[in-house]
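Residue numbers (the working numbering): 45 to 202.
C-beta atoms are modelled at their ideal positions from N, C-alpha and C, and glycine is treated no differently.
One structure is given here, and the rest of the page talks about it.
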């Protein structure tokens, strides 16, 4: 209730201290999820029924974004920049999951990736302002709608 009454510098100071408290958790969550995202290559193998090296390369591409976050993390600790960048990386993982699974003959495995990304989005939200988290969570809904338009689920997901 008190948070809703904060304005201006007091509100910015609160969110900055919140981010400062969770910033290492945020970076570790992004790094761990990036490596776990690569492990989803095993699910890709099940979907393709053979080793699809393009799928692995698409998944590894996300590590470059996480490296950018780590570099920016060393330069600034401003919560608005870092929270926005963190959410962009998580949504990039979602878009990459859509990209990878859209080429697979069996698209039902996309659900594992989306579930995983939902948890990552929740973890990254710990250090973010509520407004940023709500926008990012609604972005997940739009990402799922986008994926349905690309992959046309036949199992009644949408």
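Looking at the backbone, the Cα of residue 169 and that of residue 139 are separated by about 18 angstroms. The Cβ atoms of residue 113 and residue 134 lie no closer than 8 angstroms to each other. As for any alpha helix (DSSP H) of minimum length 4 sitting wholly inside the segment 111-163, the runs are 123-146, ordered along the chain. For residue 107, the closest alpha carbon among the candidates 127, 121, 129 and 79 is that of 79. If you draw a 10 Å sphere on the C-beta of residue 173, you find 16 or more other C-beta atoms in it, and that means buried.
Residue 172: not part of any alpha helix (DSSP H); DSSP gives it neither H nor E. Boundaries cannot be given for residue 50, as no alpha helix (DSSP H) includes it and DSSP labels it neither H nor E.
For residue 65, the CB contacts under 8 angstroms within the same chain, skipping 5 residues up- and downstream, are 171 in chain order. The Cβ atoms of residue 162 and residue 145 lie no closer than 8 angstroms to each other. In the three-state reduction of the DSSP assignment, residue 188 falls in the helix class, which pools H, G and I. DSSP, reduced to helix, strand and coil, places residue 105 within a helical segment of the structure shown. Residue nearest to residue 181 within the set 192, 111 and 130 is 130 (criterion: CA-CA distance).
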